[in-house]
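Visitor: Going by my numbering, the first residue of the sequence shown is number -4, and it counts up by one from there.
C-beta atoms are modelled at their ideal positions from N, C-alpha and C, and glycine is treated no differently.
Keep in mind that this is a model prediction, so the values were computed, not measured.
Would you mind keeping the following structure in view while I ask a few things?
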Amino acid sequence: MGESSGPTPILRKAEELRALRRDLEGSDHPVVFVPTMGDLHQGHLDLVRIARSFGPTIVSVFVNPTQFSPGEDFDRYPRRLEADRERLRALGVDAIYAPSVDDVYVPGDQTRVEVRGLTDPLCGQHREGHFLGVTTVCTKLFNIVRPQVAVFGQKDAQQCLVIHRLLRDLHFDIDLCIGPTGRAEDGLALSSRNRYLSPEEREVARVLPRALDRAQALLEEGERGRELIESAMQEVLAQPEVRVDYADLRRVEDLGRSDMVEGRVVAAVAATVGGARLLDNRCFEVGRERVRLAPLLDECTPAHLARRWPMQQELPEEFL
Ligand code: PAF
């Protein structure tokens, strides 16, 4: 498994996945899963590189209809399976799971899986039903693929926290691995939706990472008042071409808000520029005197998991 010579097999049916899983049974290394909606960019490929360091890797490419609200970009979401396959072949991925909607949502499907609480604020407030779609499809994919490690990207911080909760609450025997947010040279977080931006809009979109810089600078100067820091982020985002959904500083633990910032917190922004809804976030460990950049969840970093699992290859240095 994992040779990069032949084309990467594309599996369409859950039964095919089951057969592959049986073949992978008994490997010393964990079976690793990277769920995606395709149109893979460097951020996804970095997650796949992390996955490949652990063990045999399965990547799903499935544009999940239930996580899009009416009027969102489900229809125009880029679908480029052959290009994705080529990129994944170069990384030695073992299989791509690319089912049809009917394979995932079997005729008559009536089941939804809901995580409460953590899904209420932030994107939960602005994308009705989004997380219900995400947790439902991830539960289905986890049951079909049966990975031991699942890799998600920190760009979707709330999604990571929701999946972490789901895995615990439903007793999935899967370790969540959270890879860092990939960034373009101009600082913009890598996202499939960046494709929707014109060069001018892309320039404007740089206010998202700048708003996080502002939050970081204030925390480093000793500011601990949440409202003040959130207002400063809003000021950076306040451009005529930017429609802000939120610019919040929240506890990682429960995504709640404290008046005075302390402990593990995430500064999270979401805004629409042109036709693209963009997200970004940065996580901090805030003490009374000091502040440092921190992972979202210590036990989910690639480096932490690399101490727990026998590795197939060394982790690329940038993820250590
Ligand atoms: O992050 C994504 O691309 C999607 O939400 C996921 C996890 C693949 C579920 O459809």
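(1) Let's see if you can read the secondary structure: which residues bound the alpha helix (DSSP H) around Asn59?
(2) In angstroms with no decimal places, state the Cα-to-Cα distance between Gln153 and Cys133.
(3) State buried or exposed for His166, treating a residue as buried only when at least 16 other CB atoms are found within 10 Å of its CB.
(4) Tell me where the beta strand (DSSP E) around Asn276 begins and ends.
(5) Give the secondary structure of Ala14 by DSSP, where H, G and I count as helix, E and B as strand, and everything else as coil.
(6) Write down every uninterrupted run of the beta strand (DSSP E) in the stretch 217 to 281 whose length is 3 residues or greater and which is fully enclosed by it, in chain order.
(7) Buried or exposed: Gly87, going by 16 or more other Cβ atoms within 10 Å of its Cβ?
(8) Can you name the start and end residues of the beta strand (DSSP E) that Ala317 belongs to?
(9) Can you check the stretch 80 to 123 for any alpha helix (DSSP H) of at least 4 residues that lies completely inside it and give the ranges in chain order?
(10) Report buried or exposed for Lys135, applying the criterion of at least 16 other Cβ atoms within 10 angstroms of its Cβ.
(11) Find the nearest neighbour of Asp293 within the set Ile173, Leu192 and Asn276, judged by alpha-carbon distance.
(12) Out of Val43, Arg188, Ile158 and Ser186, which one is the CA nearest neighbour of Arg80?
(13) Please classify Asp164: does DSSP put it in a helix, a strand, or coil?
(14) Is Pro402 near ligand 1, in the sense that its beta carbon is under 6 Å from a heavy atom of that ligand?
Guide: Let me lay it out:
(1) To locate residue 59, count along the sequence shown from 1; it is residue 64. Counting along the chain, Asn59 falls outside any alpha helix (DSSP H), and DSSP gives it neither H nor E.
(2) Position 158 of the sequence shown, counting from 1, holds the residue named residue 153. Position 138 of the sequence shown, counting from 1, holds the residue named residue 133. Roughly 14 Å between the two C-alpha positions.
(3) The residue you call residue 166 lines up with position 171 of the sequence shown. So His166 counts as exposed.
(4) Residue mapping note: residue 276 aligns to position 281 of the sequence shown, counting from 1. That run of the beta strand (DSSP E) goes Ala271 to Val281.
(5) Residue mapping note: residue 14 aligns to position 19 of the sequence shown, counting from 1. DSSP places Ala14 in helix when its eight states are reduced to three.
(6) 237 to 246, 258 to 268 and 271 to 281
(7) As a first step, residue 87 must be located in the sequence shown, where it is residue number 92. The residue in question, Gly87, is buried, as its Cβ has 16 or more Cβ neighbours within 10 Å.
(8) Only positions -4 to 315 of the chain appear in the structure, and residue 317 is not among them; the question remains open.
(9) 96 to 99 and 118 to 121
(10) Position 140 of the sequence shown, counted from the start, is the residue given in the question as residue 135. Looking at its Cβ environment, which holds 16 or more other Cβ atoms inside 10 Å, Lys135 is buried.
(11) Working through the sequence shown from its first residue, we reach residue 293 at position 298. Checking every option, the nearest Cα to that of Asp293 belongs to Ile173.
(12) The count along the sequence shown starts at 1 and reaches residue 80 at position 85. The residue with the shortest Cα to Cα distance from Arg80 is Val43.
(13) Taking the first residue of the sequence shown as position 1, residue 164 is located at position 169. Asp164 falls in the helix class under three-state DSSP.
(14) Absent from the model: residue 402. The displayed extent of the chain is -4 to 315, so no value can be given.
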